[in-house]
Each structure stands twice: as C-alpha cells, then as structure tokens.
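Heads up: the structure comes next, in structure tokens.
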Amino acid sequence: MKTLPFTGSGVAIVTPFDGDKTNYDVLGELIEWHIASGTDAIIICGTTGEASTMPDEEHLAAIEYTVKKAAGRIKVIAGTGSNETAHAVALSKRAEELGADALLQVTPYYNKTTQKGLVAHFSTIANAVKIPIILYNVPSRTGVSISIDALKALAKIDNIVAIKEASGNISYTAKVAAEVPELYIYSGNDDMIIPIMSLGGKGVISVLANVMPKETHEMCAAYLEGDTAKATSMQLEYLDLINKLFIEVNPIPVKTALNLMGKNAGNLRLPLIDMDEKNLEALKASMAKYGLI
Numbered sequence: 023m024k025t026l027p028f029t030g031s032g033v034a035i036v037t038p039f040d041g042d043k044t045n046y047d048v049l050g051e052l053i054e055w056h057i058a059s060g061t062d063a064i065i066i067c068g069t070t071g072e073a074s075t076m077p078d079e080e081h082l083a084a085i086e087y088t089v090k091k092a093a094g095r096i097k098v099i100a101g102t103g104s105n106e107t108a109h110a111v112a113l114s115k116r117a118e119e120l121g122a123d124a125l126l127q128v129t130p131y132y133n134k135t136t137q138k139g140l141v142a143h144f145s146t147i148a149n150a151v152k153i154p155i156i157l158y159n160v161p162s163r164t165g166v167s168i169s170i171d172a173l174k175a176l177a178k179i180d181n182i183v184a185i186k187e188a189s190g191n192i193s194y195t196a197k198v199a200a201e202v203p204e205l206y207i208y209s210g211n212d213d214m215i216i217p218i219m220s221l222g223g224k225g226v227i228s229v230l231a232n233v234m235p236k237e238t239h240e241m242c243a244a245y246l247e248g249d250t251a252k253a254t255s256m257q258l259e260y261l262d263l264i265n266k267l268f269i270e271v272n273p274i275p276v277k278t279a280l281n282l283m284g285k286n287a288g289n290l291r292l293p294l295i296d297m298d299e300k301n302l303e304a305l306k307a308s309m310a311k312y313g314l315i
C-alpha cells in the first residue's frame, strides 16, 4: 500500500513577498492561521506560490522555513518540479534533506516531452529520493497531459503515490480512478473538489483554502465522514468565489484577496501584474458576499 501524503484540504499557499524578498513574518502568520483553521497540509512553492519566479536559494529557503515553522504539526509538501530533470532532482533531494514530507512534481513545461519522456523524467526524480511524490497534471499550464499508460508505468514506482489532477476533465479523472487504482487522487481545481472525491479522491490541493481555510477543510471532512449532502452544498455555495479567484491568472486574484483581507501577502512578481479594475470589483463583490471583507 502506497503512503498517503494527506487527506482533506491541502492549501497551495501563496508566497508573501516584500519587494524582491520573501516575507517570512507573514508566511509564518499564514502557516499558523492554516494550522488553527484545520488545514490538512501546506503545499509550499507551487504554482500559487509563484515558485517559477523564485531563484533556487529563495525557493529552498521557503521550504526550509515552512518545515521548521510547521514543526510536525501539519504535513509539508514541497513543489520541486522543473522542465529540466536534473534541476528537479537537485531541488527534490534538497527538499527531502530539509524535511519535506512529500514532493509535488509538475509535468515538464515548454520543452514538454513525449509520454516515454514523462515516464523517464518522473522515474529519475523518484529514484533520487525516498519520500512520496505527487504528480501534477495541469495541461493548461504545461501543454502536456500524462496519459493513462504513462500513469500505469509510473504507479509501479513505490514512492510515486498520487496525482494532483488539474486538467478539468472529469472523464480523464474517472479513467485514472478506474485504471490506475494504485495512485491516490487529489483535485487540483476548487470547482471540482467534491466531483473528484466522489470518484475516490482523497481531497484537494486548493487555492480557495488560502482565503477560506476552515471552510475548505470542512467541505472535505464532510465528504470523508459520509455527509455528502453537506459537502455538495458547500461546493455549490462557494462556487461564485471559486470562479472569481480564477477570473485572472492564478495567483493574481487570490493574492489580491489576501491583501484585501489584511493578510499582507504583498506584491506579485512580473510577469504577473495587478488585477484589471473591472475584475477587481467583481472579486471584491464576491468576497463581500462571503463576509471576507
């Protein structure tokens, strides 16, 4: 039986910036807020954390800080993916040394590769570390999706344990559940948490949890405890906010939302820029509806 990294709500946490530096004081406050709110895992240095704009030294320092701050109170999953296999291996080995509980590995982007290349890429990373690996399937970002046959091959590797499924294709997710039962599934889309859990998913790696950590945890917990009516109701209740958090490229809206809430998430890094005024007003209106501002 493969190791299950976590069940429930894992927050794809933002990286608070102060100019060109990570703001560790605010990151620490956010981590404490998530622990107090029932969040089940912290995913540091993922897409929402703007890891692609972080030099390796800063990237690894954020992972190290998060592990130390969590101090075993909550699982820490480190994003260490890259479109260069050797780079992903180096980041992954260091994150393991720093005490990360698991790793999140995105499919190679831009240079992409074939399905055989994906198997070779992920296999090489997995063989370089011992901790669990969550594959990250997000074709809208990377231009490539992991095929079912590739997943079957990768599932044979002991420490490749799960997939963060963010294709938005529920049929694909069903095929993963049916044909690759060795892999645990996490929703990578907040608008599909309960649909994916209904197919056997173990929870979500969530953007919504950045601003509604308690509620996202409770939604997942309700489903896992068998209260599917409550879980479904919550999924639908928060759908408007979920949609507004993706009205522009993630993490522009969610970082803006945290700043509006007084959480001091700080600036975005180019090429990400401030929200269009019309979209900002739509985000504010939705947040007000949920009592966030």
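Read in order, the letters of the sequence shown correspond to residues 23 to 315 in the numbering used here.
Note that beta-carbon positions come from the ideal geometry of N, C-alpha and C, so glycine has one too.
Keep in mind that this is a model prediction, so the values were computed, not measured.
Burial state of ALA93 is exposed, judged by a 10 Å Cβ sphere holding fewer than 16 other Cβ atoms. For a cut-off of 8 Å, the C-beta gap from ILE53 to LYS91 is around 5 Å, short enough to register as a contact. The Cβ atoms of LYS97 and ASP123 lie closer than 8 Å to each other.
Annotation for SER209: the continuous beta strand (DSSP E) segment containing it runs 206 to 209. Judged by their CB atoms, LEU173 and VAL202 are nearer to each other than the 8 Å cut-off. Annotation: the continuous beta strand (DSSP E) that includes LEU125 extends over 124 to 128. The C-beta of ALA200 has fewer than 16 other C-beta atoms within 10 Å across all chains shown, which makes the residue exposed. Close CB contacts of HIS239 within its chain, under the 8 Å cut and outside five residues either way in sequence, are with GLY30, SER31, SER59, GLY60, THR61, ASP62, ALA231 (chain order). Between ALA34 and THR69, the C-beta gap is smaller than 8 Å, which places the two residues in contact.
DSSP places PHE144 within a helical segment (H, G or I) once states are collapsed to three.
SER169: not part of any beta strand (DSSP E); DSSP gives it neither H nor E. With a cutoff of 8 Å on beta-carbon distance, GLU187 and SER209 are scored as near each other.
GLY101 has LEU126 as its beta-bridge partners, per DSSP. Partner residues in the beta bridge of GLU187, as assigned by DSSP, are ASN159, SER209.
One alpha carbon belongs to LYS224, the other to ASP40, and they sit about 35 Å apart. Per DSSP, reduced to three states, the secondary structure at ASP249 is coil, with no helix or strand assignment.
Within 10 angstroms of the beta-carbon of ALA73 lie 16 or more other beta-carbons, which makes it buried. Going by DSSP, VAL33 is part of no alpha helix (DSSP H) but of the beta strand (DSSP E) stretching over 30 to 34. With fewer than 16 other beta carbons inside 10 angstroms of its own, HIS109 counts as exposed.
Contiguous alpha helix (DSSP H) elements confined to the region 244 to 294 occur at 250 to 259, 261 to 266, 274 to 282, taking only those with 4 or more residues. With a beta-carbon spacing of about 14 Å, LEU258 and SER308 fall beyond the 8 Å limit used to define contacts. When secondary structure is reduced to three states using DSSP, LYS152 falls in the coil class, being assigned neither helix nor strand. In this structure, MET241 sits away from PRO275, with a CB-CB distance that is not shorter than 8 Å.
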